[in-house]
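This report refers to the structure that appears directly beneath it.
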Amino acid sequence: MSGDAMGSDKQSGLVQGTLDMLILKTLALEPMHGYGIGVRLDQISKGVFQVNAGSLFPAFRRLERDGLIKAEWRATENNRRAKYYALTPQGRARLARAAKDWETQTAAISRIMRASLGEI
Amino acid sequence: MRPFLAGLRALLGRHRLEQDLDDELNAYLEATVEQNLAAGMSHDEAVRAARLTVGNIEAAKDAVRDVGWESRLESLWHDVRHALRGLRRSPGFTAAAILTLALGIGINTALFSVVNGLLLRTLPVTAPEELVVLSTRGAIEQGFPAGWTYPMWDQVRKRTDIFNGAIAWSVFPERFDLAQGGESQFVDGLFVGGNFFDELGVAPLLGRTLRVDEEILGSVRSHVAVISYGFWQRRFGGAADVVGRSLLVNRVPVTIVGVSPPEFFGPEVGRAFDIALPVGAAPDVLSDNRWGRPDGFSYLAVMLRLKHGQSGEETVALLRGLHRQFVEASMGPGELWGPNHDAQLRDTFALLPAATGTSELRRNYSQSIVAILAIAMLVLLIACANIANLFQARAASRHLEISTRLAIGASRARIVQQVLVESLVLSAIGAASGLLLAVWGSRLLVASLSTWFDRVVLDVSLDWRVLAFAAAMSAATALLFGIMPAIFASRVAPGAAMKVGSVRSGRAGVFRVRGGLIAAQVAMSLVLLVAAGLLIRSFSELAAVPLGFDSDRTLVVRVNASRAMSGPGNRPDLYQRLVDALVAVPGVTHAAASLNTPVNRGATLVADLTVPGGVPIAQHDQRVVVNYVTPGWFEAYGVVLRQGRAFDGRDSARSMPVIVASDAFVQRFLSDRPAVGSLVSDMLDAPSRRDVPKTIVGVVGDVVDQSLRNKPPPTVYIPLAQFMQHPFAGTPFMSVPEASLTVRAATGATPQLGRGVAAALTAIEPNLSFSFQLLADQVDAARHQERLVAWLSGLFALLALVLAAVGLYGVTSYAVARRRTEIGIRMALGAQRHDVVGLAIRNTIFMTMCGIFVGLTAAGAVTRYLQALLFGISPLDLISFLAAPLLLVLVALLACYVPARRAATVDPMNALRCE
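As given, the protein sequences belong to chains X and P, one line each in that order.
Mapping of the first sequence onto the numbering used here: position 30 corresponds to residue 30, and the numbering continues sequentially without gaps.
Count along the second sequence from 1, then add 1000; that gives the number in the numbering used here.
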C-alpha cells in the first residue's frame, strides 16, 4: 500500500526512492517543519520537484520509524506551533551513504549516456 | 526489530499519534494559506488554493497510516470483527459449520495426539536423543525386542569407554501380585538396574531412587521399591509418609524408598509401571534363582547413552569388536552350549535409536493408527466440501453487498481478504472447540486400546506438536472452503447489483462449481466406504477363523505355586491334585491343567523335533509348539480327536513317554505316513542327554496359538505327569511355578463358580495365588486390534456417508429452489410430475455417478496401502468394491428424492406469483 504513495510522485518527476534522500539532505542543513521542507525542495530544485503532502508525510513517518529523523514540536518564526524534524546520527550516516551511491550511479549513467562508438 | 517495536508503539499510542498527525497537517495547511495570502490572494482564494495543493487530506492521512505493518493488523482486526458480526447474523449456518469443523478437527486432533504420544514424543528424561537400544540384527529382522541375560548385561555395562552409560530393565511386561494369597491383585511391575533412574536423569518426587548396590542379585538390601506417582495416588491417596512403608510384592515384603515424578512412565511407551524393583530383587520376587546364570532367560532390555559427538555406527562397530569377548565371558566356553553358542556369536550387535523409548504398542498399532488418521482426514475433507457449499451459497447471497462495496471503492484484495478472514474465523472457532473434543477423544481412544492383559497408558496431553497440528488443520480447512467463495467474490462486477435482475446472472458457474464439489465429496466418501468395507470384512474374516477349541462357559485360572508347600519337583503332581479337586466342584463339567493356554498372551514353549523315518525337513522348520497337559484337557477345550487316543491315567511319570500331535504337525513331519505309533525325538535331547523318543498315541485338531492371524502352528502335547522326563525338568530352568487350570461350567461361568473354584484351590494348597479369566474374553482380546480398527473405520465411513448425503440434499434443494419459477412454468404448460422430478435431480445424479467413477478408480489405487491391516481378503476385494458404490447410490437417491418431491408438488400459480 505504501507503493501507491510513491506512485503519486510521478507527476513531480522525482526518481523513485530519491524522496527520502532529498528530505535527509534538506534536514542536514537545518531542522525544519514539514511545510518548510516542501518549500525548500521546491526552491532549490527551481520548481522542478513539487512534492505534495500525500507523499511528504508518509515519508516523514517512514524515516521517523526507521530512526533516521526525529521530531519535536516547536514554535515557528511567526509564533505558531509546528513539528520540526531533525537528522539523527543514523540519518546522517544514511545520507552520506546514499549521497555516495547517488554520485557513483549518476556518474556512471551520464558516462553511458554520453558514450559514442569511438570511445568503446 | 525496530519496525516491530515502532509498530507496537504505534498500536499502543494510536490516539496520540492520530492527534499528532492532525495537528501537523493543519499546521501545514495554515502555512500554505499564509503563503498564499502573502502572495496577494484573497482569503477564500488562498484557502481553496491551499486545499488544491495539499490534495485530499484524508487520503494523505491514510497514506501515512499505511506506512507500518500495524495498519494491516488493524484492517485484519476490522475484518475479524466484521466476520464475527456476520456470523452472528446467521446463527444456523454458523452453528452447522462450527459443529462440523469441531467434529472433524477434533477427531483428527485426537488421533494425532495418539500418533504424537505413540510415535513422536521423546521420553521425559535427560537428553533422550542420546539413547539407543542395544539389540541384535536377528531381533531387528524379526521385529522383537532384544533380551539379554544378567551376565551379559554385567559385561556390557562396564564398557563406559565406549558409551556414556547403560541402563537395563525387564524386557517383558511384568505383573506383580500385591495380594497376601488367594486371588491375585495385579499391578504393572518393572525390574530395573540400580542406576536406572539416575542415568535417565529422573529425580524422585519423594524419597530417593534406587542405588547401584541394590542391583546385587538376591541380596536383602535389594528389597526396596520406587513407586510411580499414579500408584502412589491410587493406592496410598498421595500419603506424605509413604516412604518407609512396606508392600507385599508376590508375597515378598519390600520397602518403599521413593516416588517417581508424574511425567515419568518408564522406558516403554504405551505402558506405565506401578512399582519398580531393583533387578537384585528378581530372584526372590519371581522365586527363580536362575537369574545371574548364563542359562537364565534373556530377560533384560539394555539401553546405552552414546558418547557426545559419537555416532551410533561408531559405537556399534566398537561393540561388535567385543562381541565374542562378551559372549564368552558371560556364557563360559562354547563347548557347553553347542549350536546355541554359535548362534549367539553369529547374531551380532545392532543399535536402535531410542529417543522415543521402546514400545510394543508402537510395533502393533502404528500402522493402524496412521491409516485411521488418514481416513479421518478424508472425513474432514468431505466436511470441508459441505461447508464450502454453505459458504458458496452465502457468498452468492452477498453478491449485492460485495458489488456495492466494490463500486464505492473497496479494493478486490480487501474483499478477498475479508472472505478469507471470515472462513479463518470460522475454522479457528471450530478448531478451538475441536481441541476440547480432542482432549477427551484421545483419552477415550487410549482407554479403548487396553485389554484385560495390557493396561495401556499413553501421554496424550496437548503439546506444541498437537497445537500446531490443530492450527494447521484449521488453516488448511479455512483455505479449502474459503478459497472458492473468495474467488467468486473477487469476480463480482462493481455496481452489478444495481442493474435490475442481474443478481441472478453469473450463477450458472457457481452451480457448476457446486456440482464439482458434490462429485469430489461422493468420490472421497466412496474411497472411505471401500476402505471401511475392507477393514470390517477383515475383522469378520478374523472372527470366523476356526479357533480349534470351544471358548463357551470356560474359565481359565492361572495359578502360581511358587509359595506352595510342595517343592518345585512336585508341582506337576500338585496341579493334578488341583484338577481333581476342581472336577468335584458343583457346576463344573470338565477341568484340566496345562502349562499354557491358547490366546493367553503368555510365553509359548517351543522345541526342535524330528521324526525319524518321516518327511525330511529343513532345520528351521523343526520348531514346534509344546504344551504339557493333564488328561481331560482336550475334552475341556473341545479339541477334536482325529486318531488314536487322548491322555489318560495310564500316562504317568514312569510309563512310556507319549505325545499327542496336532494336524499341522502330522502334515509337516509325516505327510500321509501313519502317525499313531511314530516316534518323535527332541533335537536338544539327542546328542548328550537322556534321549528317549516319544511315541505318538493320538492326533488332534489344530488349535490357534497366540495370534489369530497366524495359521495354527504344528503342536505336540505331552502329559503333564511326564514333565519330569524333560531334560531340564527340576532344574531352575524348568520349575513351572505357574500353570493354567481350565474349568468348563455346565451353565455359564458365574461368579458363584469362581467362588467355588477359589475355595477348592485354597483347600488343597493355602499358599496358592491365582487369577481368573474368561476364555471368551481372551479370545476377544486376541481380536481387539482388528475390532477397534473396523469399528473406527466403520464409524468414520458412516460419518462420511451422512456428510455426503447432507451435501447432496443441500445441493438438490438449492437447485430446486432456484428453478422454482421455471418448474412452475413447465407444470403450467403441462409437464408431468416425473419430468419435473427428473429435471430437479438429473444434474445431481450425474455428478454422483462421476464421483463414484472417480472414487472407484482412486480406491483401487490406494487400498493396497491397507494391505498390512487386512486379513483373509485382497485389497481389491470384490464384495467391498461392489457394496460401497451400491450403498452410496442408494443414499444419494434418497438424499435427492426428498427435495425432488418438493419440486413436484410446486403449485404453478404460486411459483409464478412469486416473481
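Cβ atoms here follow ideal geometry from the backbone N, Cα and C, with glycine treated the same way.
All values derive from a computational prediction rather than experimental measurement.
Same chain, Cβ closer than 7 angstroms to residue i, five either side skipped, listed in chain order
i        : result
G1602(P) : N1596
R1211(P) : G1194
I1574(P) : Just to set this straight, residue 1574(P) is Leu in the shown sequence, not Ile. Around L1574(P): A1561, A1564, S1566 and E1765.
T1451(P) : A1781 and H1784
S1448(P) : L1788
Contacts that residue i makes with chain P (C-beta to C-beta distance below 9 angstroms)
i      : result
G34(X) : E1024, L1025, A1027, Y1028 and A1031
Delimiting residues of the alpha helix (DSSP H) encompassing residue i
i        : result
T1857(P) : R1833 to V1862
M1484(P) : W1464 to R1491
Q1233(P) : Y1229 to F1236
I1873(P) : No alpha helix (DSSP H) holds I1873(P); DSSP gives it neither H nor E.
S1448(P) : R1412 to L1449
M21(X)   : L19 to L29
Beta-carbon contacts of residue i that lie in its chain and below 6 angstroms, excluding the five residues immediately before and after
i        : result
R1504(P) : Unreliable positioning characterises R1504(P) in this predicted model, as indicated by a pLDDT of 47, which lies under 50. A coordinate reading is not provided.
N1164(P) : R1305 and K1307
G1587(P) : A1745, A1746 and L1753
A1282(P) : F1191 and W1291
Chain-ordered chain X contacts of residue i [CB-CB under 9 angstroms]
i        : result
A1006(P) : E64, R65, D66 and G67
Reduced DSSP secondary structure (H/G/I, E/B, other) of residue i
i        : result
R1157(P) : helix
F1186(P) : strand
F1093(P) : helix
V1615(P) : coil
Q1643(P) : strand
P185(X)  : As shown, chain X starts at 1 and ends at 120. That puts residue 185(X) outside it, with no answer to give.
T1610(P) : strand
P1899(P) : helix
T106(X)  : helix
R1744(P) : strand
F1191(P) : strand
V1816(P) : helix
G1756(P) : helix
L1123(P) : coil
L1708(P) : coil
P1348(P) : One point to set straight first is that residue 1348(P) is Thr, not Pro, in the sequence displayed. It is coil, neither helix nor strand.
Per DSSP, the bridge partner or partners of residue i
i        : result
P1353(P) : V1132(P)
W1148(P) : L1300(P)
T1695(P) : V1658(P) and L1679(P)
Y1717(P) : N1627(P) and V1660(P)
N1560(P) : E1738(P) and S1769(P)
A1168(P) : V1302(P)
K83(X)   : W73(X)
G1258(P) : G1207(P) and V1226(P)
P1253(P) : L1248(P)
V1700(P) : L1641(P) and S1662(P)
L1605(P) : V1626(P)
M32(X)   : Y85(X)
G1632(P) : For G1632(P), which the question treats as bridged, DSSP gives no partner whatsoever.
Delimiting residues of the beta strand (DSSP E) encompassing residue i
i        : result
K70(X)   : I69 to A75
H1590(P) : V1588 to S1594
E1174(P) : E1174 to D1177
L1277(P) : I1275 to P1278
Partners in chain X for residue i, counting only beta-carbon separations shorter than 8 angstroms
i        : result
G1143(P) : Those do not exist, as G1143(P) stays about 60 angstroms from chain X at its closest Cβ, beyond 8 angstroms.
Own chain partners of residue i with C-beta closer than 8 angstroms, once the 5 adjacent residues on each side are dropped
i        : result
T1053(P) : T1032
G1086(P) : E1422
V1500(P) : For V1500(P), the pLDDT reaches just 49, beneath the cut-off of 50, and the residue's location in the model is therefore unreliable, leaving the point undetermined.
Q1594(P) : Correcting the residue identity first, residue 1594(P) is Ser in this sequence and not Gln. The residues are N1627, Y1628, V1629, T1630, W1633, L1720, A1739, S1740 and T1742.
G1794(P) : A1532, L1535 and I1536
D9(X)    : Its pLDDT being 41, under 50, D9(X) is placed unreliably by the model, and the measurement read from it follows with that caveat. For D9(X), where only same-chain residues beyond five positions count, the Cβ hits under 8 angstroms are Q16, L19, V51 and S55.
Partner residues on chain P for residue i, Cβ-Cβ distance less than 7 angstroms
i      : result
A82(X) : A1027
Contact set between residue i and chain X, taken where Cβ atoms lie within less than 7 angstroms
i        : result
V1067(P) : S2, P58, R61, R62 and R65
T1064(P) : Checking the sequence, you will find Val at residue 1064(P) rather than Thr. The contacting residues are F57, P58 and R61.
CB contact check: residue i to chain A, cutoff 8 angstroms
i        : result
Q1752(P) : Here the protein chains are X and P, and chain A is not one of them.
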